[in-house]
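Asker: One structure, pasted below without further comment.
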Amino acid sequence: MVASSLGNYKVFNRIVDWITNDRLQLLNITERINEIVRKSGIGDGLVHLQSLHTTSAVFLNEWQDALLDDVKGFLEQMVERDRYYRHNDPEHSDCERKNADSHLRGMLMGQTLCLQVRNASVLLGTWQSIIFAEFDGPRSRSLAVQVSGI
Amino acid sequence: MVASSLGNYKVFNRIVDWITNDRLQLLNITERINEIVRKSGIGDGLVHLQSLHTTSAVFLNEWQDALLDDVKGFLEQMVERDRYYRHNDPEHSDCERKNADSHLRGMLMGQTLCLQVRNASVLLGTWQSIIFAEFDGPRSRSLAVQVSGI
Amino acid sequence: MVASSLGNYKVFNRIVDWITNDRLQLLNITERINEIVRKSGIGDGLVHLQSLHTTSAVFLNEWQDALLDDVKGFLEQMVERDRYYRHNDPEHSDCERKNADSHLRGMLMGQTLCLQVRNASVLLGTWQSIIFAEFDGPRSRSLAVQVSGI
Numbered sequence: 003m004v005a006s007s008l009g010n011y012k013v014f015n016r017i018v019d020w021i022t023n024d025r026l027q028l029l030n031i032t033e034r035i036n037e038i039v040r041k042s043g044i045g046d047g048l049v050h051l052q053s054l055h056t057t058s059a060v061f062l063n064e065w066q067d068a069l070l071d072d073v074k075g076f077l078e079q080m081v082e083r084d085r086y087y088r089h090n091d092p093e094h095s096d097c098e099r100k101n102a103d104s105h106l107r108g109m110l111m112g113q114t115l116c117l118q119v120r121n122a123s124v125l126l127g128t129w130q131s132i133i134f135a136e137f138d139g140p141r142s143r144s145l146a147v148q149v150s151g152i
Numbered sequence: 003m004v005a006s007s008l009g010n011y012k013v014f015n016r017i018v019d020w021i022t023n024d025r026l027q028l029l030n031i032t033e034r035i036n037e038i039v040r041k042s043g044i045g046d047g048l049v050h051l052q053s054l055h056t057t058s059a060v061f062l063n064e065w066q067d068a069l070l071d072d073v074k075g076f077l078e079q080m081v082e083r084d085r086y087y088r089h090n091d092p093e094h095s096d097c098e099r100k101n102a103d104s105h106l107r108g109m110l111m112g113q114t115l116c117l118q119v120r121n122a123s124v125l126l127g128t129w130q131s132i133i134f135a136e137f138d139g140p141r142s143r144s145l146a147v148q149v150s151g152i
Numbered sequence: 003m004v005a006s007s008l009g010n011y012k013v014f015n016r017i018v019d020w021i022t023n024d025r026l027q028l029l030n031i032t033e034r035i036n037e038i039v040r041k042s043g044i045g046d047g048l049v050h051l052q053s054l055h056t057t058s059a060v061f062l063n064e065w066q067d068a069l070l071d072d073v074k075g076f077l078e079q080m081v082e083r084d085r086y087y088r089h090n091d092p093e094h095s096d097c098e099r100k101n102a103d104s105h106l107r108g109m110l111m112g113q114t115l116c117l118q119v120r121n122a123s124v125l126l127g128t129w130q131s132i133i134f135a136e137f138d139g140p141r142s143r144s145l146a147v148q149v150s151g152i
């Protein structure tokens, strides 16, 4: 697989929205991203995803029910919800959502993901799906998608 | 929010420096990055941040005192400083700084961050700040900033 | 260090392959990536790396034997192999590799890495090496490399 091009650079911006149902929820957004890439008309370049919320994340993994349960269990164990956090303590913070764990999970997993565009679609390995993780739902969420290239 | 452009691509490179004061320190660099984006004259594209040091990181989170304390506590608990590391053992390493924990924290959080540029400024959600994390200060640190787009 | 350019944008795509030898293995791929950047003829821009496998990762760290042992120990402790995972349970999953830990390690460390290209080479700090991490070897692996810029 080899490609090399020279031409006019283009930027294609979108914001996509959805409503989540659970406090900790994983969404497969692969098809939605691929649709935007196709609409952009860009054949080679990058697609950049940026969740606009600190208590969420975007990352790659296999989309398999059993594994998704393991992912949730892992995040709940790595960043425990029910321990003392200053962010959840009314003496130190005016945050009413008690969501310090959501912030730490979002920080650990990252709110941005950049992937390659090749042949006018998102480059992904056989088992790679693009996953949006809600860590403080249910809520309305926005993801900024930017396709850039030629 | 929709944008789509076609035009001349531009790359704008800068290195910014600062001196940190503590071993584990968090700096809010949002305004500094936005200044560089404005100077670049680029309206749509990407801004890429790369800390040039393995014992540091760049990531997004809310800039709130109580939460920042939780972030430090979380990193100190996830990657303990005072346990055995071969990197800190004179028999296996000539590293005098005993900073294996700093390396692991930098690796876990990541030294790069890529964000979208829209309307000539960094795209960030309401609660998202760009945070530089020092894991082995006090030291002089450099961050490479590249704005690319049109 | 200041640079600013205006010109013709170019995308240069490659897939590189290798075979890993161990279940958990770290490879220094810095020189291989720099070779591709040099071949691309691009002076300023981004080089994007994307491992096409969920049970692997790409990240930066110092390439030092003692530290690499610490990195492996840290990942083995953070994501334990020998605990119950639904993904490894024949009742819930048809995965024969029993590699839930490999998936979680890959997710935690990330399968993508974007770095700046300046002066026709990858921008890296003195102690930064590009590391490919195998979490489910031995296997044949593919890394997608895209250099874009001018």
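Residue numbers (my numbering), protein chains in the order written: chain A, 3 to 152; chain B, 3 to 152; chain C, 3 to 152. Each residue gets a CB set at the ideal place from its N, CA and C atoms; glycine is no exception. The structure displayed is predicted, hence computed values, not measured ones.
Can you grab the Cα-Cα spacing for the pair F228 of chain A / Q148 of chain A, in whole Å?
Answerer: No answer is possible for residue 228 of chain A: it lies beyond the span of chain A, which begins at 3 and ends at 152.
Asker: Could you tell me which chain C residues have their CB closer than 8 angstroms to the CB of V147 of chain A, listed as they occur along the chain?
Answerer: For the purposes of this step, residue 147 of chain A is taken as residue 145 along the first sequence, with counting starting at 1. In chain order: nothing, as chain C lies at least about 16 angstroms away.
Asker: Name the one or two DSSP bridge partners that A59 of chain C has.
Answerer: Working through the third sequence from its first residue, we reach residue 59 of chain C at position 57. BP columns for A59 of chain C point to C:A135.
Asker: Along chain A, in chain order, which residues have C-beta atoms closer than 8 angstroms to that of A122 of chain B?
Answerer: Mapped onto the second sequence, residue 122 of chain B falls at position 120. By Cβ distance, chain A contributes nothing, its closest Cβ being about 12 angstroms from A122 of chain B, past 8 angstroms.
Asker: If contacts are defined as beta-carbon pairs under 8 angstroms, then V60 of chain B and L54 of chain B qualify, I think. What distance do you get, rounded to the angstrom?
Answerer: Within the second sequence, numbered from 1, the residue matching residue 60 of chain B stands at position 58. Within the second sequence, numbered from 1, the residue matching residue 54 of chain B stands at position 52. The Cβ separation is near 11 angstroms, so there is no contact.
Asker: For E82 of chain C, would you say it is in contact with chain B, using Cβ-to-Cβ distances shorter than 9 angstroms as the test?
Answerer: Taking the first residue of the third sequence as position 1, residue 82 of chain C is located at position 80. Answer no: the Cβ-Cβ gap between E82 of chain C and chain B never drops below 9 angstroms.
Asker: What are the residues of the region 9 to 20 of chain C that lie near chain A, defined by any Cβ-Cβ distance shorter than 9 angstroms?
Answerer: N10, Y11, K12, V13, F14, N15, R16 and I17
Asker: Please list, in chain order, all residues of the same chain as N23 of chain A whose beta carbon is under 6 angstroms from its beta carbon, the five residues on each side excluded.
Answerer: Your numbering for residue 23 of chain A matches position 21 in the first sequence. Hits under 6 angstroms: P140.
Asker: Along the chain, where does the alpha helix (DSSP H) that runs through G75 of chain A open and close?
Answerer: Start at 1 with the first residue of the first sequence, and residue 75 of chain A comes out as number 73. Note, G75 of chain A: alpha helix (DSSP H), D67 to M80.
Asker: So the candidates are C:E136, C:W65 and C:E33; which of them puts its Cα closest to the Cα of I21 of chain C?
Answerer: In the third sequence, counting from the first residue as 1, residue 21 of chain C sits at position 19. For I21 of chain C, the nearest C-alpha among the options comes from C:E136.
Asker: Counting C-beta neighbours from all protein chains within 10 Å, is the total for Q79 of chain C 16 or more, i.e. buried, or is it exposed?
Answerer: Stepping through the third sequence from its first residue, residue 79 of chain C is reached at position 77. In this structure Q79 of chain C is exposed. Its beta-carbon is surrounded by fewer than 16 other beta-carbon atoms within 10 angstroms.
Asker: Between which two residues does the beta strand (DSSP E) containing D19 of chain C stretch?
Answerer: Stepping through the third sequence from its first residue, residue 19 of chain C is reached at position 17. Taken as a continuous stretch (DSSP letters only), the beta strand (DSSP E) holding D19 of chain C covers Y11 to I21.
Asker: For a contact defined as C-beta to C-beta under 8 angstroms, what are the partners of T56 of chain C on chain A?
Answerer: Within the third sequence, numbered from 1, the residue matching residue 56 of chain C stands at position 54. Going along chain A in sequence order, the residues near T56 of chain C (Cβ under 8 angstroms) are L62, N63, E64, G127, W129 and Q130.
Asker: Applying the 10 Å Cβ sphere with the 16-neighbour rule, what's the burial state of D84 of chain A?
Answerer: Along the first sequence, read from residue 1 onward, the residue named residue 84 of chain A stands at position 82. It is exposed - the Cβ of D84 of chain A has fewer than 16 other Cβ atoms within 10 Å.
Asker: In the region 88 to 114 of chain B, which residues sit with their C-beta less than 8 angstroms from some C-beta in chain C, listed in chain order?
Answerer: Going along the region 88 to 114 of chain B in chain order, one finds R88, H89, D91, H94, S95, C97, A102, H105, L106, G108, M109, L110, G112, Q113 and T114 with a Cβ nearer than 8 angstroms to chain C.
Asker: Does the CB of A135 of chain B have a neighbour CB from chain C at under 9 angstroms?
Answerer: Counted from its first residue, the second sequence places residue 135 of chain B at position 133. For A135 of chain B, the answer is no, since every Cβ of chain C falls outside 9 angstroms of its Cβ.
Asker: Would you identify the three-state DSSP class for L126 of chain B, choosing helix, strand or coil?
Answerer: The count along the second sequence starts at 1 and reaches residue 126 of chain B at position 124. It is coil, neither helix nor strand.
Asker: At the 9 angstroms Cβ level, is D71 of chain C part of the contact set with chain B, yes or no?
Answerer: Counting from 1 along the third sequence, the entry for residue 71 of chain C is found at position 69. Output row for D71 of chain C: interface = yes.
Asker: Can you tell me whether R99 of chain A is buried or exposed? The criterion is at least 16 other CB atoms within 10 Å of its CB, across all chains shown.
Answerer: The count along the first sequence starts at 1 and reaches residue 99 of chain A at position 97. Of the other Cβ atoms in all chains shown, fewer than 16 fall within 10 Å of the Cβ of R99 of chain A; this residue is therefore exposed.
Asker: Helix, strand or coil for S144 of chain C per DSSP?
Answerer: Position 142 of the third sequence, counting from 1, holds the residue named residue 144 of chain C. S144 of chain C: strand per DSSP, three-state reduction.
Asker: Nearest CA to the CA of R120 of chain B: which residue from B:Y11, B:I152 and B:E33?
Answerer: The residue given as residue 120 of chain B occupies position 118 in the second sequence. Nearest option by C-alpha distance: B:I152.
Asker: Taking the C-alpha atoms as reference points, what is the distance between L125 of chain B and V49 of chain A?
Answerer: In the second sequence, counting from the first residue as 1, residue 125 of chain B sits at position 123. In the first sequence, counting from the first residue as 1, residue 49 of chain A sits at position 47. Using only the alpha carbons, I get a separation of about 15 angstroms.
Asker: In terms of residue numbering, what span does the alpha helix (DSSP H) encompassing R54 of chain B cover?
Answerer: Along the second sequence, read from residue 1 onward, the residue named residue 54 of chain B stands at position 52. This sequence places Leu at residue 54 of chain B; Arg is not what is there. From DSSP, L54 of chain B is part of no alpha helix (DSSP H); its letter is neither H nor E.
Asker: For Q79 of chain A and chain B, any beta-carbon pair shorter than 9 angstroms?
Answerer: Position 77 of the first sequence, counting from 1, holds the residue named residue 79 of chain A. Chain B, which has no Cβ nearer than 9 angstroms to the Cβ of Q79 of chain A, makes this no.
Asker: Should K12 of chain C be labelled buried (16 or more other beta-carbon atoms within 10 Å of its own) or exposed?
Answerer: As a position in the third sequence, residue 12 of chain C is number 10, starting the count at 1. Classification of K12 of chain C: buried, given that the 10 Å Cβ count is 16 or more.
Asker: Just verifying my parser: in three-state terms, what is the DSSP assignment at S95 of chain A?
Answerer: Taking the first sequence and counting its residues from 1, the one referred to as residue 95 of chain A is at position 93. Note: S95 of chain A maps to coil in three-state DSSP.
Asker: Check whether the Cβ of Q52 of chain B lies closer than 9 angstroms to any Cβ atom in chain C.
Answerer: Here residue 52 of chain B refers to the residue found at position 50 when the second sequence is read from its first residue. Chain C, which has a Cβ nearer than 9 angstroms to the Cβ of Q52 of chain B, makes this yes.
Asker: Does G43 of chain B get closer than 9 angstroms to chain A when you measure Cβ to Cβ?
Answerer: Locating residue 43 of chain B in the second sequence gives position 41, where the first residue counts as 1. Cβ-Cβ to chain A under 9 angstroms: no for G43 of chain B.
Asker: Residues in the same chain with beta-carbon distance under 6 angstroms from I17 of chain B, minus the five sequence neighbours each way, listed in chain order, please.
Answerer: Looking up residue 17 of chain B in the second sequence gives position 15. Around I17 of chain B: S144 and A146.
Asker: Check distances from the C-beta atoms of the region 20 to 38 of chain B to those of chain A and list, in chain order, the residues that come in under 9 angstroms.
Answerer: none
Asker: On the three-state DSSP scale, how would you describe V149 of chain B?
Answerer: Counting from one through the second sequence, the residue named residue 149 of chain B turns up at place 147. Three-state result, V149 of chain B: strand.
Asker: Using three-state DSSP, classify N121 of chain B as helix, strand or coil.
Answerer: To locate residue 121 of chain B, count along the second sequence from 1; it is residue 119. In the three-state scheme derived from DSSP, where H, G and I count as helix and E and B as strand, N121 of chain B is classed as coil.
Asker: Which one of A:L70, A:I132, A:H89 and A:I44 has the shortest CA to CA distance from K74 of chain B?
Answerer: Taking the first residue of the second sequence as 1, we reach residue 74 of chain B at position 72. The residue with the shortest Cα to Cα distance from K74 of chain B is A:H89.
Asker: What residues match up with Q113 of chain B in a beta bridge as DSSP calls it?
Answerer: As a working mapping, residue 113 of chain B is identified with position 111 in the second sequence. Q113 of chain B is not bridged to any residue.
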